[in-house]
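Colleague: Numbering (the working numbering), first residue to last: 1210 to 1550.
Quick one: the structure is below, questions incoming.
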């Protein structure tokens, strides 16, 4: 992306959207359909800023070699899913020092009680009782810095991040009240058709890569055979009718997935499988998902094999991100009374 056409540095006509994804090593079908697929659409109409947030990842213990590999894989996966560095700003969080620097200032304007009320901290503390660290506690402050550095208008959020975004808004408003208008107060972006994908094994809960049951989730790099086998094992019910209604959690989930990858409405799906068994339906969903993900798998193999290109893209992205975020940080430092260097 040339300096002349960089959308983030042109006169702001489009609204700014920021979002990040952790480098977990596995992106599920839920992550893809619920978030990343929508990111691809957003880059056409907004100034989008996307980050692989590897600094957030170390709130739990990481193997350093695996974290480096997973960070690169996550970046390659975003490209494979359709993010275009000519249309959006993409970077790796730890490459842009302003995130950590603003986080300290914002942490000094965040109340202990506010962080104590974060439900995600409570949940993660219970799961990681041997490592309840300060970073896990102040995680939402770093998230606020991620967003506020770029004067984001909107942030795509799922249900598990709404509380963190509310805190980001509170911090921004508190800082603005103390020092004058400094931060844009971000709004949540709720996509019209955001697909909430549930576990294939326990359709009452969200699909998760951390599920002990490997058949409960689809990884977007799973092979075609693996995807179809997992869908064949998906939990349904004894009703044997493909219809979207209350009490049919397993079938509702499969219909949601099928609709998301084919564009078909629920009534169209019901007509398509009228009089057919669940076996036919599960195979059709599996095949549709495998076909939909095939370009992603092929693109990933191509991008991940080209380490020089990946470095070129994330280095250029970090340089632009530092330039953009530096403007906000400079303003913040001046407002709080830091002496210029």
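Positions of the beta carbon are idealized from the N, C-alpha and C atoms, including for glycine.
In this structure, how does DSSP classify residue 1396 when only helix, strand and coil are distinguished?
Modeller: On the chain shown, residue 1396 is found 187 positions in, with the first residue counted as 1. If DSSP states are grouped into helix, strand and coil, residue 1396 belongs with the strands.
Colleague: For residue 1354, which residues of its own chain have a beta-carbon under 6 angstroms away from its beta-carbon, when the five flanking residues on both sides are left out?
Modeller: If you number the chain shown from 1, residue 1354 lands on position 145. Within the same chain, residue 1354 has close Cβ partners 1308, 1311, 1312 and 1315.
Colleague: Note down the Cα distance separating residue 1224 from residue 1358, rounded to an integer number of angstroms.
Modeller: If you number the chain shown from 1, residue 1224 lands on position 15. If you number the chain shown from 1, residue 1358 lands on position 149. So the two alpha carbons sit approximately 15 angstroms from each other.
Colleague: On the DSSP bridge list, what partners appear for residue 1257?
Modeller: On the chain shown, residue 1257 is found 48 positions in, with the first residue counted as 1. Paired residues: 1226.
Colleague: What residue from 1240, 1532 and 1491 has the CA that sits closest to residue 1365's CA?
Modeller: The residue given as residue 1365 occupies position 156 in the chain shown. When each option's Cα is compared against that of residue 1365, the closest is 1240.
Colleague: Given a threshold of 16 other Cβ atoms within 10 Å of its Cβ, counted over all protein chains shown, does residue 1514 qualify as buried or as exposed?
Modeller: For this step, residue 1514 is matched to residue 305 along the chain shown. Exposed is the call here.
Colleague: Just to confirm, are residue 1530 and residue 1305 a CB contact at a threshold of 7 angstroms?
Modeller: For the purposes of this step, residue 1530 is taken as residue 321 along the chain shown, with counting starting at 1. For the purposes of this step, residue 1305 is taken as residue 96 along the chain shown, with counting starting at 1. Yes.
Colleague: Can you give me the start and stop residues for the alpha helix (DSSP H) that residue 1358 sits inside?
Modeller: Walking along the chain shown from the start, residue 1358 turns up at place 149. Run containing residue 1358: none; DSSP gives neither H nor E here.
Colleague: For the region 1305-1388, list the alpha helix (DSSP H) runs that are entirely contained and at least 4 residues long, ordered along the chain.
Modeller: Runs of the alpha helix (DSSP H) inside the region 1305-1388: 1307-1316, 1321-1325, 1328-1336, 1343-1357 and 1371-1388.
Colleague: Would residue 1325 and residue 1356 qualify as a contact pair, given that the criterion is a beta-carbon distance under 7 angstroms?
Modeller: As a first step, residue 1325 must be located in the chain shown, where it is residue number 116. As a first step, residue 1356 must be located in the chain shown, where it is residue number 147. No.
Colleague: What does the Cβ neighbour count give for residue 1434, buried or exposed, with the cut at 16 atoms within 10 Å?
Modeller: In the chain shown, the residue the question calls residue 1434 occupies position 225. So residue 1434 counts as exposed.
Colleague: Roughly how many whole angstroms lie between the Cα atoms of residue 1273 and residue 1266?
Modeller: On the chain shown, residue 1273 is found 64 positions in, with the first residue counted as 1. On the chain shown, residue 1266 is found 57 positions in, with the first residue counted as 1. Cα to Cα, the separation comes out at about 11 angstroms.
Colleague: Which whole runs of the alpha helix (DSSP H) in the region 1386-1474 are 4 residues long or more, in chain order?
Modeller: Listed in chain order, they are 1433-1441 and 1458-1471.
Colleague: Give me whichever residues DSSP pairs with residue 1298 in a beta bridge.
Modeller: As a working note, residue 1298 is residue 89 in the chain shown. Looking at the DSSP assignment, residue 1298 forms a beta bridge with 1258.
Colleague: From the DSSP output, read off the bridge partner residues of residue 1237.
Modeller: In the chain shown, counting from the first residue as 1, residue 1237 sits at position 28. Looking at the DSSP assignment, residue 1237 forms a beta bridge with 1428.
Colleague: Measure the CB-CB distance between residue 1512 and residue 1238 and report whether it falls below 7 angstroms.
Modeller: In the chain shown, counting from the first residue as 1, residue 1512 sits at position 303. In the chain shown, counting from the first residue as 1, residue 1238 sits at position 29. Their beta carbons are not under 7 angstroms apart, which means residue 1512 does not touch residue 1238 by this criterion.
Colleague: I'd like the list of long-range same chain contacts for residue 1430, defined as Cβ closer than 6 angstroms, with 5 residues on each side in sequence excluded.
Modeller: On the chain shown, position 221 is the one that residue 1430 refers to. Hits under 6 angstroms: 1506.
Colleague: Would you give the residue range spanned by the alpha helix (DSSP H) that residue 1245 belongs to?
Modeller: Here residue 1245 refers to the residue found at position 36 of the chain shown. It is not in any alpha helix (DSSP H) - residue 1245 carries neither H nor E in the DSSP assignment.
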